[in-house]
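**Q** So that we are looking at the same thing, I have put the structure below in structure tokens.
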Amino acid sequence: MSRRRNPRIFLTAVVASSLLAASYKLYDYYVSSSSNSKNLQDPKKYTKKSIALTLSHSILSSQLPLDEILLNSENVTFILPPNLSVDDLEGNFAGGEAGSSLPRALLKNYKLLNCSNFQGYFDIIKNLKPDMLLVCSDDLGIRSSLPSDLSRFAKEIVEVDQNAEDITTKLMPLFVW
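For the sequence shown, full-length UniProt numbering assigns the number 1 to the initial residue and increments by one for each residue that follows.
Next comes the structure, spelled out in structure tokens:
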């Protein structure tokens, strides 16, 4: 018994599949345009580079939005040099009032690394191998003692001066683009 194909059924299947494909394209376009409009409302996009930011007195007093940088940048690690303690960070993070546990939570999540001497500081950098090292060498007193092979471990070293304007103008564009 031979079956003859009904052209009407074939035509109906072609029209139905065309409508289905067109509907999917419209849905896909709508979803992508609505997600793009959300991105346009919040124009700040944070870098995905691995960044090691050395927290020093100048950087802490520059009023950089450290908590926002930490929350919105995936690969940022703060390094606490030997001349500062975790207690010195109070007030520099949202909710950083006295007794806040935020710096301690940062320590537990390895987003804040501290060291007891400058050899330990350089060892942290060598182990992290960040794309970018941000440091105020004058604050740390290490401008003349930066190891010559440090550039092997940090692809780019950005040194800032001890004033808030220089810190803000040099560092903020590195985080937000």
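All residues carry an ideal CB built from backbone N, CA and C; glycine is no exception.
Note down the Cα distance separating N72 from L53, rounded to an integer number of angstroms.
**A** For the purposes of this step, residue 72 is taken as residue 72 along the sequence shown, with counting starting at 1. For the purposes of this step, residue 53 is taken as residue 53 along the sequence shown, with counting starting at 1. Whole-angstrom Cα-Cα distance: 15 Å.
**Q** Buried or exposed: which applies to S56, given that a residue is buried once 16 or more other Cβ atoms fall within 10 Å of its Cβ?
**A** Within the sequence shown, numbered from 1, the residue matching residue 56 stands at position 56. So S56 counts as buried.
**Q** Assign E165 to buried or exposed, taking buried as 16 or more other Cβ atoms, counted over all protein chains shown, within 10 Å of its Cβ.
**A** Translated into positions along the sequence shown, residue 165 becomes position 165. It counts as exposed.
**Q** Which stretch, first to last residue, makes up the alpha helix (DSSP H) that contains I142?
**A** Taking the first residue of the sequence shown as position 1, residue 142 is located at position 142. Counting along the chain, I142 falls outside any alpha helix (DSSP H), and DSSP gives it neither H nor E.
**Q** For T77, write down the residues that DSSP places opposite it in a beta bridge.
**A** The residue you call residue 77 lines up with position 77 of the sequence shown. Answer is A52, bridged to T77.
**Q** To the nearest angstrom, how far is it from the Cα of K126 to the Cα of Q119?
**A** The residue given as residue 126 occupies position 126 in the sequence shown. The residue given as residue 119 occupies position 119 in the sequence shown. Each residue's Cα considered, the two are about 10 Å apart.
**Q** Let me check understanding here. Comparing Cα to Cα, which of Y30, S62, L19 lies closest to K170?
**A** The residue labelled residue 170 in the question sits at position 170 within the sequence shown. Nearest C-alpha to K170: S62.
**Q** E90 lies in the beta strand (DSSP E); which residues open and close that run?
**A** Taking the first residue of the sequence shown as 1, we reach residue 90 at position 90. Premise fails: E90 is in no beta strand (DSSP E) and is neither H nor E.
**Q** With respect to the beta strand (DSSP E) encompassing N114, which residues constitute its N-terminal and C-terminal limits?
**A** Here the question's residue 114 lines up with position 114 in the sequence shown. Looking at the DSSP string, the run of the beta strand (DSSP E) that includes N114 is 112 to 114.
**Q** If we call anything under 8 Å between Cβ atoms a contact, is F153 one with L112?
**A** Along the sequence shown, one-based indexing puts residue 153 at 153. Along the sequence shown, one-based indexing puts residue 112 at 112. Not in contact: F153 and L112 (Cβ atoms no closer than 8 Å).
**Q** Please classify V158: does DSSP put it in a helix, a strand, or coil?
**A** Locating residue 158 in the sequence shown gives position 158, counting from the first residue. Strand.
**Q** Which same chain residues, not among the five before or five after N92, have their C-beta less than 7 Å away from its C-beta?
**A** Residue 92 sits at position 92 when you count from the first residue of the sequence shown. Closer than 7 Å at Cβ, skipping near neighbours: L60, L66.
**Q** By a C-beta neighbour count over all protein chains shown, 10 Å radius and 16 as the cutoff for buried, is T47 buried or exposed?
**A** Taking the first residue of the sequence shown as 1, we reach residue 47 at position 47. Buried, because 16 or more other Cβ atoms sit within 10 Å of the Cβ of T47.
**Q** According to DSSP, is L133 helix, strand or coil?
**A** For this step, residue 133 is matched to residue 133 along the sequence shown. Reduced to three states, the DSSP call for L133 is strand.
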